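Each residue of the sequence shown is one higher than the one before, counting from 1 in this note's numbering. The structure appears below as structure tokens.
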Amino acid sequence: MPQINPEISTPTTSSYVPQKLTYEEFLREYDGQYAEYVGSEAIKPMSITQKHDDLTSFLRAILRFYIEAKNLGRIHGEPYQMKMKIDGETHGREPDIFFVKTENFDRLGEKFFDGAADLVIEIVSPESVVRDTQEKFEEYETAGVKEYWIIDYQRRTANFYGFGENGKYQLLPISADGKYKSRVIEGLWLKIEWLWQEPLPNMMSVLKEWKLV
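This is how it looks when you write it as structure tokens:
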């Protein structure tokens, strides 16, 4: 499990309604809202920051272009749900970004993807450190998300996880030239320095480096 630097505050505040709901009731009551379903309760995370929104939008845009150009699958994200079974309980999470391979399109429903996505990306906000690095880390590992990216702009850390021989997440390597090569999205590599640039790179400059334009 990722280690958290105690020198940076890690608030965990999320608002939730302490009301027991079935997953079907949750989908009706919170339709179109940013809310997650854990332990038969609805959890509404706090509002995100502008930096979080910018980074999510950047990654979603470049990944969508790459994946569509290569006909590899689809990109989704909140408020579209990923429904998982964890220790017999239904969990409905809304990852910032998740990737579904073409062969898994049969599990795409109107309001949720049924099961673990092939790849999930969470952008860590000040209030979501524990949720993203501990709670969701364990859930995604248990559910079988093949690749999990945790990107923390506050700490300027990008960690990438995939399954090792023991069936548990292991930290995946970043090359000496600062690139991460995905195990799940065929041919995809990401320059870590892109994530910390101010402003973020223009999408066309990234696509040119990928030789897509």
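The C-beta atom is built at its ideal place from N, Cα and C for all residues, glycine as well. No experiment lies behind these values; they were computed from the predicted model shown.
- For the set VAL213, TRP210, GLU41 and PRO199, the Cα lying nearest the Cα of GLN50 is the one of PRO199.
- Rounded to the nearest whole angstrom, the C-alpha separation of TRP194 and PRO79 is 25 Å.
- Measuring C-alpha to C-alpha distances from GLY115 to each of ASP96, GLU122, PHE105 and VAL124 identifies PHE105 as the nearest.
- DSSP places MET84 outside any alpha helix (DSSP H); the residue lies instead in the beta strand (DSSP E), whose first and last residues are 81–86.
- The distance from the Cβ of GLN170 to that of TYR161 is about 7 Å, consistent with a contact at the 8 Å cut-off.
- For ILE123, the three-state secondary structure derived from DSSP is strand.
- Using a 10 angstroms sphere on the CB of TRP149, the tally of other CB atoms reaches 16 or more, which defines it as buried.
- Between the segment 171–181 and the segment 133–146 there are fewer than three C-beta pairs closer than 8 Å, too few to call the two in contact.
- Setting aside the 5 residues that flank it on each side, ARG93 is surrounded in the same chain by GLU36 and MET82, each with a C-beta closer than 6 Å to its C-beta; the list follows chain order.
- Between PHE98 and ALA117, the CB-CB gap stays under 7 Å.
- Nearest to LEU21 by alpha-carbon distance, out of GLU89, LYS211 and TRP210, is GLU89.
- For ARG60, the enclosing alpha helix (DSSP H) starts and ends at 50–70.
- ASP152 is bridged by DSSP to VAL124 and THR157.
- Beyond the five residues adjoining it in sequence on each side, VAL124 comes within less than 6 Å, by CB distance, of ASP132 and ASP152 in the same chain, given in chain order.
- For VAL129, DSSP records no beta bridge to any residue.
- When DSSP reads this structure, GLU89 sits in a beta bridge with ILE86.
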